[in-house]
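The structure appears below as structure tokens.
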Amino acid sequence: MLGISLPAFRIAGGLLLFFIAFEMIFEKRQERKEKTTETAITRDHIHNLSVFPLAIPLISGPGAISATILLAGNFRPPLERAQLILVIAAVFLVIFAALLIADRLDRYLGQTGRAILTRLLGVLLSALAVQFVIDGLRATLTVYAGP
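Our numbering puts the first residue of the sequence shown at 64, with every later residue one more than the last.
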């Protein structure tokens, strides 16, 4: 409807995911979250008491939305899309369970374990992001250059 092709989503999603992965690897994400939390608490907390769900934007943010759109674009038959929905539901349940045990897991990992896990997952996410960009560029070049 907007004239945006699936390869464009692949490239944009890959770049967004790479930005998130870059922040994870070089620990910029934690600094940004701490600044956002401090600003929210000092500025808004005084005037408006409310809950600040800091985990929700990362769980269902632009990276997750882009990845879902890219995967849904690759799955054409209804059965494959139903399988994708089942996978999303399974991920929802895993995330719910992880949030329930997050405090115990955080104590078990400690600061060093969190830093190592964040960097390892950041490297994995960056590889996925680069693959999305490569797939998007390949599809774009195929369209404009011919088969």
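A virtual CB, placed ideally from N, CA and C, is assigned to each residue, including glycine.
Quick one: using the 10 Å Cβ neighbour count with 16 as the cut-off for buried, is residue i buried or exposed?
| i | result |
| --- | --- |
| Ala190 | exposed |
| Ser68 | exposed |
| Pro141 | exposed |
| Arg139 | exposed |
| Phe195 | buried |
| Leu188 | buried |
| Gly76 | buried |
| Met192 | Met is not the amino acid found at residue 192; the sequence shown has Ala there. So Ala192 counts as buried. |
| Leu112 | Confidence is the limiting factor: at Leu112 the pLDDT is only 49, short of 50, which leaves the residue's position unreliable, though a coordinate-based value still follows. That one is exposed. |
In whole angstroms, what is the alpha-carbon distance linking residue i and residue j?
| i | j | result |
| --- | --- | --- |
| Ala161 | Ile122 | 12 Å |
| Ile74 | Leu200 | 7 Å |
| Ala127 | Ala135 | 12 Å |
| Phe82 | Leu180 | 18 Å |
| Val157 | Asp166 | 15 Å |
| Gly176 | Leu80 | 23 Å |
| Gly185 | Ala130 | 15 Å |
| Ala84 | Glu90 | 10 Å |
| Leu78 | Ile132 | 14 Å |
| Gln174 | Val150 | 31 Å |
| Ala145 | Ala153 | 12 Å |
| Ala71 | Leu204 | 12 Å |
| Ile148 | Phe159 | 16 Å |
| Glu143 | Asn137 | 9 Å |
| Arg182 | Leu172 | 14 Å |
| Leu168 | Ile88 | 20 Å |
| Ile164 | Val206 | 47 Å |
If you follow the alpha helix (DSSP H) that residue i is part of, which residue opens it and which one closes it?
| i | result |
| --- | --- |
| Ser68 | From DSSP, Ser68 is part of no alpha helix (DSSP H); its letter is neither H nor E. |
| Ser189 | Ala165 to Ala208 |
Residue i CB to nearest chain B CB: under 9 Å?
| i | result |
| --- | --- |
| Gly176 | Note that chain B does not occur in the displayed structure, where there is just one protein chain. |
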